[in-house]
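Sequence lines, in order, name chains A and B. First residue of the first sequence? That's 1 in the working numbering, and the numbers climb one at a time after it. First residue of the second sequence? That's 1 in the working numbering, and the numbers climb one at a time after it.
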Amino acid sequence: MTTQQGERQDGAAQTTDVLQAEHISKSYGAVTALIDVNMRLARGEVLGLLGDNGAGKSTLIKILCGFQPPTSGRILLNGQDVTLRSVDHARSLGIDCVYQDLALVNQLSVYHNMFLNREKVRWPLLSNRTMKRLARQYLDEMGVNIPSVEADVAQLSGGQRQAIAVARAVYSNAKILLLDEPLAAMGAKEAAIILDQVRELKEKGDVSVIIIAHNYGQALEICDRINLLQHGEITFDKPAAETSVEELNDIVIAEYRRALAERQRQVGEARGTGNGKATA
Amino acid sequence: MSETAQRAPGVAGGGPAETPGAAGALEGLRRAGRFLVKQREATVFLVVVLLIIYFGVINSTGRSVFFTHAALVNLSVIAAPIMIIAYGEVLLLICGEIDLSVGFIYVFAPYVMFYFVQYYHVPGILGIILAILVVGGGVGWLNGFLTVTMRLPSFITTLGTGFVLSGLVLTLSHGEQAPIPPVLDNLGKWFGSSANFSMISWAVILLVVFHVLLRNTRWGLHTIAVGGNALGAREAGVNVPRIKYGNFMLTGLLGAFTGITIAFQTNVIDTFSGGAAYQPMFYSVAAAVIGGTAMLGGSGTIIGAFLGGAVLALLTNGFEVIGISAYPLQIYFGGAILIAMIANVQFARLRGEGKVR
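In structure tokens, the structure reads:
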């Protein structure tokens with residue numbers, strides 16, 4: 001299996017890295033989710049983070065956006081060592097996130113969700129009119145079809161909900177966007193809207209994106225570079241142009257086969273000893 | 001999705017038709033029906049109107065006394081404490097918690113006021129404010145600490161702190177009633193001592209304040225977000241512990257304030273009767289829920305709590321006025337609450353399933 005740790009391949013890349021994760025590990029009690037993850041994100045780059053379910057992708061994203069601290073390791077932002085104290089803190093440093101669960105509140109309207117925790121306020125009151133207008137404007141700009149920004153998000157389809165969560169992050173003026181499966185519940189058209197958004201950000205050049213995806217084709221289409229996370233480790237790091245859906249598939253399937261064989265061997269051993277006891 | 005677009009104006013303002021003519025009248029009636037189903041508070045408001053009509057207009061004994069000054073003052077004095085405490089319970093229920101200790105805060109606060117003013121000669125108004133802050137804010141903070149930081153369910157937390165408080169007040173007072181300290185006499189009228197509408201005025205002022213707090217401030221928005229999706233709110237960066245601590249403290253402050261107004265109103269500080277603590281607590285939670293606040297969090301309104309308080313006060317007072325004997329009173333009372341709730345839940349179900357357009 002190809003194992004390339006993508007740390008400092010050349011001096012130039014290092015200086016333009018906006019975000020670096022070094023030796024990040026995360027355990028929840030006895031469960032280890034991440035083991036010594038090293039990752040870097042260059043300015044204006046779109047990095048695809050791929051990997052199976054349970055590989056630790058969301059855990060990594062939640063560390064990078066300040067939702068939870070790593071067990072060990074450090075994060076460098078523009079070369080500076082930072083400790084992300086909270087989501088708010090990370091946001092103030094220009095990092096924003098679309099969570100896999102979208103972090104939408106069903107009981108609130110579309111525009112309140114879009115501005116949740118960054119409300120437009122004319123103290124002490126909410127500027128609902130401003131928020132409604134901006135929400136409408138952003139969604140129209142993105143080409144998302146939502147009849148009323150005053151509707152509760154509970155009434156919307158999965159794709160619409162996802163579009164709202166993406167719009168919320170895209171229009172936050174963040175310099176680093178972390179998108180955890182932004183395409184999961186999307187139809188073809190809605191997926192195209194999101195992919196166009198990412199492309200547009202890429203053209204502007206000063207926003208860097210980490211995007212988690214399951215569809216390798218989409219990932220290769222949109223990303224500059226691909227990282228593969230397996231069992232809590234980054235096992236693959238290549239420019240998107242130098243890899244293919246086939247290669248990625250082969251790696252993942254080979255790993256699956258290896259793990260399966262391993263498990264069967266363990267089960268076989270366990271059964272063997274069990275039988276031994278039974279006969280004895 | 002076009003339904004949502006059509007629904008939005010109905011939610012915003014709604015109301016009967018602008019179509020003229022005979023067909024318009026029918027359409028207006030249908031719209032009124034839809035409005036009633038859609039607007040959470042409208043059903044409770046209807047119940048309030050029906051109760052007033054029943055007790056004040058239809059019932060022959062009620063007709064003669066219901067609208068007299070004395071009867072209305074009496075009604076408002078029953079209603080106001082339920083309403084004021086219910087505003088706090090609404091905020092707590094919306095963010096997924098409950099406060100059962102508020103009734104004991106209500107009993108404890110006036111005694112602490114007495115203690116400060118009588119024994120430590122704290123000047124009048126300061127004694128009142130201090131008692132509200134120390135008892136309401138303090139116990140509210142403790143409830144928040146135990147619930148949020150120590151991770152106890154708030155049902156248990158507040159039951160525990162409530163019992164502790166009731167024991168504390170009995171111990172401090174030796175189970176004796178305390179008088180209102182004479183230096184406070186001239187302040188009493190602001191809190192409801194004389195037979196006027198000062199208590200219900202407080203209830204109305206606080207109705208506006210808390211309605212705006214819930215509907216038009218970040219605090220209210222975040223309270224709904226915390227109750228609707230706690231994880232999502234946290235992911236969006238909402239400070240969930242702060243919201244919960246804050247709402248426990250607000251509820252405590254309202255409970256302490258109400259307890260002091262009631263002490264002035266009855267002109268005695270009641271330290272002993274258990275019912276004095278249970279009643280405001282049960283009634284205020286009931287008022288919040290009758291007013292359409294979800295016990296599981298995420299939704300509720302202050303206006304609903306106001307109307308829910310009115311329903312409970314009308315029932316209590318109305319049955320008294322028409323002279324139902326004391327023994328079966330609770331049967332009617334409980335039955336009426338259940339009927340109001342059935343109407344609420346069924347209308348909410350219709351709303352939720354979108355059957356009514």
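Glycine is no exception: its CB is placed at the ideal position from the N, C-alpha and C atoms.
Handout entry: chain B residues whose Cβ lies nearer than 7 Å to that of Arg91 (chain A)
Key = Taking the first residue of the first sequence as position 1, residue 91 (chain A) is located at position 91. By Cβ distance, chain B contributes Gly237.
Practice task
For my contact list, Gly358 (chain B) and Val164 (chain B) are in at a C-beta cut-off of 8 Å; report their separation, rounded to the angstrom.
Solution key: Only positions 1 to 357 of chain B appear in the structure, and residue 358 (chain B) is not among them; the question remains open.
Practice task
Would you kindly work out how many angstroms separate the C-alpha atoms of Asp81 (chain A) and Ala21 (chain A), rounded to a whole number?
Solution key: By one-based count along the first sequence, residue 81 (chain A) stands at place 81. By one-based count along the first sequence, residue 21 (chain A) stands at place 21. About 10 Å.
Practice task
Report yes if the C-beta of Val65 (chain B) is less than 7 Å from at least one heavy atom of the ligand ATP; otherwise report no.
Solution key: The ligand ATP is not among the ligands present in this structure, which contains no ligands whatsoever.
Handout entry: Leu104 (chain A) at chain B interface by Cβ criterion, 8 Å
Key = Within the first sequence, numbered from 1, the residue matching residue 104 (chain A) stands at position 104. Yes, because at least one Cβ of chain B sits closer than 8 Å to the Cβ of Leu104 (chain A).
Practice task
Report back the beta-carbon spacing between Ile200 (chain B) and Ala80 (chain B) to the nearest angstrom; my notes put them in contact at under 8 Å.
Solution key: Taking the first residue of the second sequence as 1, we reach residue 200 (chain B) at position 200. Taking the first residue of the second sequence as 1, we reach residue 80 (chain B) at position 80. At roughly 5 Å, the Cβ-Cβ gap stays under 8 Å, so Ile200 (chain B) and Ala80 (chain B) are in contact.
Problem - Short Cβ contact (8 Å threshold) for Val139 (chain B) with Gly252 (chain B) - result: Working through the second sequence from its first residue, we reach residue 139 (chain B) at position 139. Working through the second sequence from its first residue, we reach residue 252 (chain B) at position 252. Cβ atoms of Val139 (chain B) and Gly252 (chain B): closer than 8 Å.
Practice task
Output the distance between the C-alpha atoms of Val209 (chain B) and Leu126 (chain A), rounded to the nearest integer angstrom.
Solution key: Within the second sequence, numbered from 1, the residue matching residue 209 (chain B) stands at position 209. Within the first sequence, numbered from 1, the residue matching residue 126 (chain A) stands at position 126. Those two C-alpha atoms are separated by around 14 Å.
Problem - Proximity of Leu220 (chain A) and Val245 (chain A) at Cβ, strictly below 8 Å - result: In the first sequence, counting from the first residue as 1, residue 220 (chain A) sits at position 220. In the first sequence, counting from the first residue as 1, residue 245 (chain A) sits at position 245. The answer is yes: Cβ separation under 8 Å.
Handout entry: Minimum Cβ-Cβ distance from Leu60 (chain A) to chain B less than 8 Å
Key = The residue you call residue 60 (chain A) lines up with position 60 of the first sequence. It does not; no Cβ of chain B falls within 8 Å.
Problem - Interface partners of Val67 (chain A) on chain B, CB under 8 Å - result: The residue labelled residue 67 (chain A) in the question sits at position 67 within the first sequence. The identity of residue 67 (chain A) in the sequence shown is Phe, whereas the question assumes Val. Under the 8 Å cutoff, chain B gives Arg234 and Glu235.
Practice task
Report the residue from A:Arg265, A:Gln264, A:Ala270 and A:Ile251 whose alpha carbon sits nearest the alpha carbon of Asp52 (chain A).
Solution key: In the first sequence, residue 52 (chain A) corresponds to position 52, counting from 1. Residue A:Ile251 is the option with its Cα nearest to Asp52 (chain A).
Exercise for the section: Please list, in chain order, all residues of the same chain as Ala71 (chain B) whose beta carbon is under 7 Å from its beta carbon, the five residues on each side excluded. Expected result: Locating residue 71 (chain B) in the second sequence gives position 71, where the first residue counts as 1. Around Ala71 (chain B): Val65 and Val321.
Handout entry: C-alpha distance - Gly297 (chain B) paired with Ile243 (chain B), whole-angstrom precision
Key = Here residue 297 (chain B) corresponds to residue number 297 of the second sequence, with the count starting at 1. Here residue 243 (chain B) corresponds to residue number 243 of the second sequence, with the count starting at 1. Using only the alpha carbons, I get a separation of about 13 Å.
Practice task
Quick one: grab the DSSP three-state call for Gly94 (chain A).
Solution key: In the first sequence, counting from the first residue as 1, residue 94 (chain A) sits at position 94. Gly94 (chain A) falls in the coil class under three-state DSSP.
Handout entry: Identity of the residues DSSP links to Asn227 (chain A) by a beta bridge
Key = The count along the first sequence starts at 1 and reaches residue 227 (chain A) at position 227. A:Leu49 and A:Asp237.
Problem - First and last residue of the uninterrupted beta strand (DSSP E) at Thr32 (chain A) - result: Here residue 32 (chain A) corresponds to residue number 32 of the first sequence, with the count starting at 1. Element bounds for Thr32 (chain A): Val31 to Ala42.
Problem - Inter-residue spacing [alpha-carbon to alpha-carbon] between Thr223 (chain B) and Arg118 (chain A) - result: By one-based count along the second sequence, residue 223 (chain B) stands at place 223. By one-based count along the first sequence, residue 118 (chain A) stands at place 118. Taking the straight line joining both Cα atoms gives about 15 Å.
Exercise for the section: Assuming Val287 (chain A) and Pro182 (chain A) form a contact by the criterion Cβ under 8 Å, report the distance between their Cβ atoms to the nearest whole angstrom. Expected result: The requested residue 287 (chain A) is not part of the displayed model; chain A covers only 1 to 280.
Handout entry: Span of the alpha helix (DSSP H) around Ala21 (chain A)
Key = Mapped onto the first sequence, residue 21 (chain A) falls at position 21. Ala21 (chain A) -> not in any alpha helix (DSSP H); beta strand (DSSP E) instead, spanning Asp17 to Tyr28.
Practice task
Kindly indicate if chain A contains any beta-carbon less than 8 Å away from that of Gly246 (chain B).
Solution key: Translated into positions along the second sequence, residue 246 (chain B) becomes position 246. Gly246 (chain B) does not count as touching chain A.
Handout entry: Tyr111 (chain A) at chain B interface by Cβ criterion, 8 Å
Key = Here the question's residue 111 (chain A) lines up with position 111 in the first sequence. No, Tyr111 (chain A) lies away from the interface with chain B (no Cβ there is under 8 Å from its Cβ).
Handout entry: Contact with chain B by Leu125 (chain A), beta-carbon distance below 8 Å
Key = In the first sequence, counting from the first residue as 1, residue 125 (chain A) sits at position 125. Yes, because at least one Cβ of chain B sits closer than 8 Å to the Cβ of Leu125 (chain A).
Exercise for the section: Below 8 Å on the Cβ atoms is my guess for Val153 (chain A) versus Arg161 (chain A); work out the distance and round it to an integer in Å. Expected result: Stepping through the first sequence from its first residue, residue 153 (chain A) is reached at position 153. Stepping through the first sequence from its first residue, residue 161 (chain A) is reached at position 161. That pair is a contact at about 6 Å.
Exercise for the section: Please work out which residues of its chain come closer than 6 Å, Cβ to Cβ, to Leu314 (chain B), disregarding the five sequence neighbours upstream and downstream, and give them in chain order. Expected result: Position 314 of the second sequence, counted from the first residue, corresponds to residue 314 (chain B). Contacts found: Leu51.
Exercise for the section: For Arg74 (chain A), name the three-state secondary structure that DSSP assigns. Expected result: Taking the first residue of the first sequence as position 1, residue 74 (chain A) is located at position 74. Three-state result, Arg74 (chain A): strand.
Handout entry: Proximity test, Cβ basis, 8 Å: Asn216 (chain B) and chain A
Key = Your numbering for residue 216 (chain B) matches position 216 in the second sequence. Yes, Asn216 (chain B) lies at the interface with chain A (some Cβ there is under 8 Å from its Cβ).
Problem - Counted within 10 angstroms of its Cβ, other Cβ atoms place Asp206 (chain A) as buried (16 or more) or exposed - result: Looking up residue 206 (chain A) in the first sequence gives position 206. With fewer than 16 other Cβ atoms within 10 Å, it is exposed.
Practice task
Compare the Cα-Cα distances from Pro69 (chain A) to each of A:Ile176, A:Lys26 and A:Ala213 and report the closest residue.
Solution key: Taking the first residue of the first sequence as position 1, residue 69 (chain A) is located at position 69. Checked all of A:Ile176, A:Lys26 and A:Ala213; the closest Cα to Pro69 (chain A) is A:Lys26.
Exercise for the section: Please determine, among A:Gly159, A:Ile210 and A:Val144, the residue with the shortest C-alpha to C-alpha distance to Arg281 (chain A). Expected result: Since the displayed chain A opens at 1 and closes at 280, residue 281 (chain A) lies outside it and no answer follows.
Handout entry: Beta-carbon gap between Ser101 (chain B) and Gly162 (chain B) smaller than 8 Å
Key = Position 101 of the second sequence, counting from 1, holds the residue named residue 101 (chain B). Position 162 of the second sequence, counting from 1, holds the residue named residue 162 (chain B). Contact: yes.
Problem - Sheet register partners of Pro179 (chain B) (DSSP bridge) - result: Reading the second sequence from its first residue, position 179 is the one you call residue 179 (chain B). BP columns for Pro179 (chain B) point to B:Val268.
Practice task
Return the bridge partner residues of Gln80 (chain A) from the DSSP annotation.
Solution key: On the first sequence, residue 80 (chain A) is found 80 positions in, with the first residue counted as 1. A:Leu77, per the DSSP bridge assignment.
Exercise for the section: Along the beta strand (DSSP E) that carries Ser208 (chain A), what are the first and last residues, could you check? Expected result: On the first sequence, position 208 is the one that residue 208 (chain A) refers to. Ser208 (chain A) -> beta strand (DSSP E) spans Ser208 to Ile212.
Practice task
Could you check how far apart the C-beta atoms of Ile58 (chain B) and Ser284 (chain B) are, in whole angstroms? I think they sit under 8 Å.
Solution key: Here residue 58 (chain B) refers to the residue found at position 58 when the second sequence is read from its first residue. Here residue 284 (chain B) refers to the residue found at position 284 when the second sequence is read from its first residue. The pair is not a contact, with the Cβ atoms about 29 Å apart (cut-off 8 Å).
Exercise for the section: Using a Cβ cut-off of 8 Å (strictly closer), state whether Gly298 (chain B) contacts chain A. Expected result: As a first step, residue 298 (chain B) is located in the second sequence; it is residue number 298 there, counting from the start. It does; some Cβ of chain A falls within 8 Å.
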